[in-house]
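Trainee: These protein sequences, in sequence, are chains X and P.
Following the numbering used here, the numbering of the first sequence begins with 1354 at its first residue and continues without gaps.
Following the numbering used here, the numbering of the second sequence begins with 1354 at its first residue and continues without gaps.
Virtual Cβ for every residue (Gly too), placed ideally from N, Cα, C.
Have a look at this one.
Protein chains: 2
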Amino acid sequence: MKITAVDPFYLRMPNITTAADGTQDTLLVRVRTDIGLEGWGECDASPLVSLTVYCCPMSHGNIINIRTSLIGETLDSLDDVLRLSEKVLRNGLDIQQIEHAYSGAEIALWDVIGQKSEKPVYRLLAELSNTSEMAHPKLPYASVLFGDTPAATYQIAVGLRERGYRAAKFGWGPMGKFGETNDIALVQAAREGMGTDAQIMIDAGVVWGTDHETAYQRAEAFAQFSPTWLEEPLAPDAIDAYGSLTKKNPSVPIAAGEGSNTYRMAEDIIVHGGIQFVQIDAGRIGGIMPSFQVRQLAEEHGTQYVNHTFKSHLSLAAALHVFATNPDFNLLEYPAAGSELSQRLVTEPFPVESDGMVRVKELPGLGVKVNTEAIRPYLSPVQIEVGTEKVFEQPPLA
Amino acid sequence: MKITAVDPFYLRMPNITTAADGTQDTLLVRVRTDIGLEGWGECDASPLVSLTVYCCPMSHGNIINIRTSLIGETLDSLDDVLRLSEKVLRNGLDIQQIEHAYSGAEIALWDVIGQKSEKPVYRLLAELSNTSEMAHPKLPYASVLFGDTPAATYQIAVGLRERGYRAAKFGWGPMGKFGETNDIALVQAAREGMGTDAQIMIDAGVVWGTDHETAYQRAEAFAQFSPTWLEEPLAPDAIDAYGSLTKKNPSVPIAAGEGSNTYRMAEDIIVHGGIQFVQIDAGRIGGIMPSFQVRQLAEEHGTQYVNHTFKSHLSLAAALHVFATNPDFNLLEYPAAGSELSQRLVTEPFPVESDGMVRVKELPGLGVKVNTEAIRPYLSPVQIEVGTEKVFEQPPLA
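Take a look at the structure:
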């Protein structure tokens, strides 16, 4: 078959705030073919910036947009997906945003090939890598923010426990802002609210920058509450500081990596940062294949792979296929309470099943369908003119 | 003073081709203040993609555009430049293209502060780092492509020698495409055409990907013609392959780094790639300050810093200030024959002086002025609408 259209869609809620909520808007990418098959993918990135990577005028041989690279191309097999990914990245070598933008199209290409071969994406990955084809359930953890105070945090944690969560991550807000005593009280409140049987994770939201000494002290101080990890205590690029921190073997494992815009960034923070959990967003790093390559690297290094997902369940589907077959990588960041847009985006979201677990769908491709009718109210049509040239006009959703 | 406007301008030649010529288009950024001072900077990036980083709607607290971060801010000193850079990068943490885009504004902020303090940018850098304030001349090297054949390459080299060039870099084209014998013949032709006294550099244009064995063999085979360096034999992200190559101590020094979109990427390829020359584009890595930090790192590591510049002499000015005061870093990539647009862009380009050298200008700020009348014919006005919102309307050039 041939690729006939590659269309980005900018969707957003009516009011966008500075809140740490990545579900307020999104960029979807639809790939259409001449035999009627279509696939979808979702980017975690600035929708407008990434959209222009699909349509920007050519600057020279290293700045050619994604549509130009893909439309008219043959797409019959997984080999074509890999070949086209190489082409897109080579043609976009001098576009910094290329991985963020291409993630959506790459995921859509896997969706198409999965449907064509009538296999879930995770099986295609297993075949490609000659590894187990058995999928394993994941324990979902809710991602929430700390309350402004320890008391408010306790109430949030109690609420999560009552909703059945056996794991929850508490992020930023006051963390790191009001001194060690308050930081410890916040973690204590999360633990007490969730109960001793639950897993709790602490997300410091890069608050200590390059100060690995303070990050180490906090990890030691938090250890009494047995958090599963301390996430992003340092800036994403502070690889040497991560290395200094992890060399001291803090009593709480260190997690990071959501800011990996390229495979090399993930490799860098695993190898030189020495982290214990690597968190990868398939909607940022360039899609399913580079995420899977990080998973393989994590397996080699004894690092635990975890998804980073703060968009809709379309992104969750892509994330799950990447590491469904590794039973040791058993934690899943699970978007539980995003915007209306993100909750309506797919027709059948992933449920938390009666055993408290989430499972990949045994359906062709990604296994989820975009609900174009439900999301139509959120579409923000984009028009871009450069000189007299209309470089982007919004295609219809359906 | 206060920042009153931050305006990007997309300029381009009438016909853009896939040729390896980065001067076919450009993105300029003008920063205006309430006391009438204005500064300019140039980005080496996709103009449209980078332009949207100045105006994209907010997605959440980590995706806030550059104009929002800068307009209305106080700009009185170098401390303000550094503070505002930190703000822009923090607000744009989840915009992959942020460094490419911000480069233009960052350079413009230095231009403004240099004019206000009546000092060239290189002196401000020297004061900031407590290092020598003496500028040194640079030996310009012409950047050209190999001819399709050794004979054509010889003619190109003879032409450069006749124009007075004492150094020239020959790039890609047939290099690496037709086997070792042809590769060697190309380098031999460049050497014979330039003469034994000249410096020649070889740019392989990432042709060997991750194949460090072949890169090593070519370096050894080229050594008889004494090239100053072998540039980008491997893919920009192939840091481990660079490390494997440089650990073998090839007889020709290895150069790379133009693809450094962040300070960390440059640090990574210096420390783990083990290269001998690091090539930094101030119009990509986020501007003058991160480039200067790479220069300092290069000084610590015994690596030679060289600019990467393939735009107008506005970019050349920014590049020169970064390393003007280090006499050992004595080579300058010099855009000699770009498009009409790039040649007309500044009122007084940097001449090659009678001693064959190029010198930074002893004028406030960058020391060059944008010729707005001359470039007006190349302006491609941009208009962007998202939903009913006009997120970008083209401001006038003057």
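Please go through the same chain and pick out, in chain order, the residues whose beta-carbon is closer than 6 Å to the beta-carbon of tyrosine 1569 of chain P, but skip the five residues on each side of it.
Mentor: So the qualifying residues of the chain are Leu1598, Lys1601, Pro1603.
Trainee: Quick one: using the 10 Å Cβ neighbour count with 16 as the cut-off for buried, is aspartate 1536 of chain X buried or exposed?
Mentor: The residue in question, aspartate 1536 of chain X, is buried, as its Cβ has 16 or more Cβ neighbours within 10 Å.
Trainee: Thinking C-alpha only, which one of X:Lys1530, X:Ala1672, X:Leu1732, X:Tyr1455 is nearest phenylalanine 1703 of chain X?
Mentor: Minimum Cα distance to phenylalanine 1703 of chain X is reached at X:Ala1672.
Trainee: Specify whether the segment 1523–1541 of chain P and the segment 1572–1585 of chain P touch according to this definition: at least 3 beta carbon pairs, one from each stretch, less than 8 Å apart.
Mentor: Yes: the two stretches touch, three or more of their Cβ pairs being nearer than 8 Å.
Trainee: Would you call the CB atoms of glutamate 1620 of chain X and valine 1659 of chain X closer than 8 Å?
Mentor: It is not a contact, given that the beta carbons lie outside the stated cut-off.
Trainee: In its own chain, which residues sit with a C-beta less than 7 Å from the C-beta of serine 1485 of chain X, not counting the 5 before and 5 after it?
Mentor: Within the same chain, serine 1485 of chain X has close Cβ partners Ala1479, Thr1678.
Trainee: Looking at the unbroken alpha helix (DSSP H) that takes in glycine 1512 of chain P, where does it start and where does it end?
Mentor: Counting along the chain, the alpha helix (DSSP H) containing glycine 1512 of chain P begins and ends at 1503–1515.
Trainee: Which class does glutamate 1585 of chain P belong to by DSSP, given the choice of helix, strand or coil?
Mentor: Reduced to three states, the DSSP call for glutamate 1585 of chain P is coil.
Trainee: If we ignore side chains and look at the alpha-carbon of each, how far apart do alanine 1358 of chain P and leucine 1404 of chain P end up?
Mentor: For alanine 1358 of chain P and leucine 1404 of chain P, the distance between alpha carbons rounds to 14 Å.
Trainee: With 8 Å as the threshold, decide whether the Cβ of isoleucine 1416 of chain P is near any Cβ in chain X.
Mentor: At least one chain X Cβ lies under 8 Å of isoleucine 1416 of chain P.
Trainee: For the beta strand (DSSP E) holding aspartate 1360 of chain P, just list the boundary residues, first then last.
Mentor: Where aspartate 1360 of chain P is concerned, the enclosing beta strand (DSSP E) stretches over 1356–1365.
Trainee: Is the CB of serine 1733 of chain P under 8 Å away from at least one CB in chain X?
Mentor: Yes, serine 1733 of chain P counts as interfacial toward chain X.
Trainee: Can you pull the chain X residues whose beta carbon is under 7 Å from the beta carbon of glycine 1740 of chain P, in chain order?
Mentor: Ordered by position in chain X, the residues that pass the 7 Å Cβ test against glycine 1740 of chain P are Ser1733, Pro1734.
Trainee: Would leucine 1401 of chain P count as contacting chain X if we go by Cβ distances under 8 Å?
Mentor: Yes, its Cβ sits closer than 8 Å to a Cβ of chain X.
Trainee: Quick check: the Cα distance between serine 1415 of chain P and glycine 1394 of chain X, rounded to an integer number of angstroms?
Mentor: The sequence given here has asparagine at residue 1415 of chain P, not serine. Near 22 Å, if we compare the C-alpha coordinates of glycine 1394 of chain X and asparagine 1415 of chain P.
Trainee: Where do the N-terminal and C-terminal ends of the alpha helix (DSSP H) with threonine 1386 of chain P fall, by residue?
Mentor: Counting along the chain, threonine 1386 of chain P falls outside any alpha helix (DSSP H), though it belongs to the beta strand (DSSP E) covering 1378–1386.
Trainee: My output table needs one value for proline 1473 of chain X: the three-state DSSP class, helix, strand or coil.
Mentor: Three-state result, proline 1473 of chain X: strand.
Trainee: Alanine 1576 of chain X versus chain P: which residues are under 7 Å apart at the beta carbon?
Mentor: By Cβ distance, chain P contributes nothing, its closest Cβ being about 28 Å from alanine 1576 of chain X, past 7 Å.
Trainee: Would you mind working out which of X:Val1699, X:Met1487, X:Leu1437 sits nearest glycine 1640 of chain X, comparing C-alpha positions?
Mentor: Of X:Val1699, X:Met1487, X:Leu1437, the residue nearest in Cα terms is X:Leu1437.
Trainee: Please name the residue or residues paired with glycine 1392 of chain P in a DSSP beta bridge.
Mentor: For glycine 1392 of chain P, which the question treats as bridged, DSSP gives the partners P:Val1384.
Trainee: Among all the DSSP beta bridges, which residues are the ones paired with aspartate 1556 of chain P?
Mentor: In DSSP, aspartate 1556 of chain P forms a bridge with P:Gly1524, P:Glu1584.
Trainee: Compare the beta carbon distance of glutamine 1696 of chain X and histidine 1661 of chain X with 8 Å and say whether it is the shorter of the two.
Mentor: No; because the gap between Cβ atoms is not below 8 Å, this pair is not in contact.
Trainee: Mind checking who proline 1493 of chain P pairs with in its DSSP beta bridge?
Mentor: According to DSSP, which records beta bridges pairwise, proline 1493 of chain P is partnered with P:Leu1685.
Trainee: Does cysteine 1790 of chain X get closer than 8 Å to chain P when you measure Cβ to Cβ?
Mentor: The structure shown does not extend to residue 1790 of chain X, since chain X spans only 1354 to 1751, so no value can be given for it.
Trainee: What does the alpha-carbon distance come out to for the pair valine 1497 of chain P and threonine 1563 of chain X?
Mentor: When rounded, the distance between both Cα atoms is 42 Å.
Trainee: So within the segment 1602–1639 of chain P, which uninterrupted beta strand (DSSP E) runs reach at least 3 residues, ignoring any that extend past its ends?
Mentor: 1607–1609, 1630–1633, all fully within the segment 1602–1639 of chain P.
Trainee: Between proline 1452 of chain P and chain X, is any beta-carbon pair separated by less than 8 Å?
Mentor: The question names proline, but residue 1452 of chain P in the sequence shown is glutamate. Closer than 8 Å to some Cβ of chain X, the Cβ of glutamate 1452 of chain P qualifies, so yes.
Trainee: What number of angstroms, rounded off, separates the C-alpha of valine 1386 of chain X from the C-alpha of lysine 1355 of chain X?
Mentor: Reading off the sequence, residue 1386 of chain X comes out as threonine, not valine. Rounded to the nearest angstrom, the two C-alpha atoms are 5 Å apart.
Trainee: If you measure from the beta carbon of valine 1406 of chain P to each beta carbon in chain X, is any gap under 8 Å?
Mentor: Cβ-Cβ to chain X under 8 Å: yes for valine 1406 of chain P.
Trainee: Identify, in the order they occur along the chain, each residue of the same chain with its Cβ nearer than 8 Å to the Cβ of tyrosine 1455 of chain X, setting aside the five sequence neighbours on each side.
Mentor: Taken in chain order, the residues that qualify are Val1406, Ile1419, Ser1438, Val1441, Leu1442, Gly1445, Gly1639, Gly1640.
Trainee: Specify whether the segment 1697–1717 of chain X and the segment 1663–1671 of chain X touch according to this definition: at least 3 beta carbon pairs, one from each stretch, less than 8 Å apart.
Mentor: The segment 1697–1717 of chain X is in contact with the segment 1663–1671 of chain X.
Trainee: Threonine 1599 of chain X touches chain P at which residues, Cβ-Cβ below 9 Å?
Mentor: Those do not exist, as threonine 1599 of chain X stays about 17 Å from chain P at its closest Cβ, beyond 9 Å.
Trainee: With H, G and I counted as helix, E and B as strand and the rest as coil, what does DSSP make of glycine 1718 of chain P?
Mentor: Three-state result, glycine 1718 of chain P: strand.
Trainee: I want to verify the contact list: residues of chain P whose CB lies under 7 Å from the CB of glycine 1375 of chain X, in sequence order.
Mentor: Ordered by position in chain P, the residues that pass the 7 Å Cβ test against glycine 1375 of chain X are His1413.
Trainee: Assign valine 1739 of chain P to one of three DSSP states: helix, strand, or coil.
Mentor: In this structure, valine 1739 of chain P counts as strand in the three-state DSSP scheme.
Trainee: Just curious, the beta strand (DSSP E) that asparagine 1660 of chain X is in, first and last residue?
Mentor: Note, asparagine 1660 of chain X: beta strand (DSSP E), 1657–1660.
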